[in-house]
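Asker: First residue of the sequence shown: 359, per the numbering used here; consecutive thereafter.
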Amino acid sequence: MRKNKNMSKIIASFIIAVGIIISASLVSNSFLKAKLLDRTVIVKGLAEKEISADLAIWPITIAATGNNLSEINKKIETDRAAIISFLVDQGFNKEDISLGNYQLNDLMINSYRDSNIQNSRYIINATIILKSKDVNLIDKVSKNKNLIVQKGIIFGADGSNNGEPYYEYTKFNDIKPAMLTEAIKNARLSAERFANDSGSKVGQLKKANQGIFSISPALQTSSDDYLNTHMASKPIKKKIRVVTTLEYFLN
359 MRKNKNMSKI
369 IASFIIAVGI
379 IISASLVSNS
389 FLKAKLLDRT
399 VIVKGLAEKE
409 ISADLAIWPI
419 TIAATGNNLS
429 EINKKIETDR
439 AAIISFLVDQ
449 GFNKEDISLG
459 NYQLNDLMIN
469 SYRDSNIQNS
479 RYIINATIIL
489 KSKDVNLIDK
499 VSKNKNLIVQ
509 KGIIFGADGS
519 NNGEPYYEYT
529 KFNDIKPAML
539 TEAIKNARLS
549 AERFANDSGS
559 KVGQLKKANQ
569 GIFSISPALQ
579 TSSDDYLNTH
589 MASKPIKKKI
599 RVVTTLEYFL
609 N
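#1: Going by DSSP in three states, I570 sits in which element: helix, strand or coil?
#2: Jot down the residue ranges of each uninterrupted alpha helix (DSSP H) in the stretch 525-572, minimum 4 residues, whole runs only, in chain order.
#3: Bridge partners for S410 per DSSP, in chain order?
#4: Pull the bridge partners of K489 from the DSSP assignment, please.
#5: Suppose you measure from the CA of L577 to the CA of S410; what does that come to, to the nearest Å?
#6: Does the contact criterion of 3 or more C-beta pairs under 8 Å hold for the stretch 444-455 versus the stretch 558-573?
#7: Are the beta-carbon atoms of L538 and L488 separated by less than 7 Å?
#8: Indicate whether the contact test is met: 3 or more Cβ pairs, each with one atom in the stretch 416-425 and one in the stretch 563-575, closer than 8 Å.
#9: Could you give the residue range of the beta strand (DSSP E) that holds L442?
#10: Taking the alpha helix (DSSP H) that N504 falls in, what are its first and last residues?
#11: Is the number of C-beta pairs between the stretch 430-445 and the stretch 546-553 that are closer than 8 Å three or more?
#12: Provide the residue span of the beta strand (DSSP E) that contains S478, from first to last.
#13: Output the distance between the C-alpha atoms of I594 and V499, rounded to the nearest integer angstrom.
#14: Quick check: what's the CA-CA separation for I533 versus I570?
#15: Relative to the C-alpha of K529, which candidate in G403, I598, E605 and N431 has its C-alpha closest?
#16: If you run the structure through DSSP and keep just helix, strand and coil, what is K501?
#17: Cβ atoms of A405 and E540: under 7 Å apart, would you say?
#18: If I337 sits next to P523, beta carbons under 8 Å apart, how far is it from one beta carbon to the other, in whole angstroms?
#19: Using a 10 Å radius around the Cβ and a threshold of 16 neighbouring Cβ atoms, would you call N483 buried or exposed?
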């Protein structure tokens, strides 16, 4: 009887010992797997594309000054008609031309006015807007604004773009998917090069950041990214750029 009890204790102890060993092994393997999953690599992928603008917007602001409000208003209307006629003669469709802002400034109501305003109390600024897909024609005509000045027309203040045309690209959504695909592919190649150098293999994707698309002049004259983006509306030739950030597990 006592012998059977001793045998039972031995068997129970053996089972407990085996259980402890198995548990320790499972914990060790789980820890090792967790450490492997902690190994990741963060890479960036770049895609760039040069494009040409397919839409131009040219705001032409003119001005007239004087003391007789009725006369300078007639001057503005006459100059507007002259500019529209000039643009049509250059080859633009009249349907592409519209009237923009009309601003009247009375210097007499200005608390800080100059005392010598007898001959120019009123200032009128009026804008004519030309919108056309013929960007090359707008570029050509806008460089010959002296032909407008020869008609006795005075250009007014236009702080938005200094009287120069805006050049826009309207097919951005058409090229966006392909650019993202290229950026992701380049990021994956970078991850694979890193993994190969470190004796690893690229595993599943852990995290992805699409990044932000930016448009800048194709020929940049400044190292300031903000300035390049801000000036992107001016040239016809532009560069579209996107950088994606991806994080992969390493096996």
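In this text, a Cβ means the ideal position worked out from N, Cα and C, and glycines have one as well. Fair warning: this is a prediction, and the values are worked out from it, not measured in the lab.
Answerer: Taking the definition as stated:
#1: coil
#2: 530-555
#3: K595
#4: I415
#5: 12 Å
#6: no
#7: no
#8: no
#9: It is worth fixing the name first, because residue 442 is Ile in this sequence and not Leu. I442 -> not in any beta strand (DSSP E); alpha helix (DSSP H) instead, spanning L427 to D447.
#10: N504 to V507
#11: no
#12: No beta strand (DSSP E) holds S478; DSSP gives it neither H nor E.
#13: 14 Å
#14: 14 Å
#15: I598
#16: coil
#17: yes
#18: The requested residue 337 does not occur in the structure, where the chain is confined to residues 359 to 609.
#19: buried
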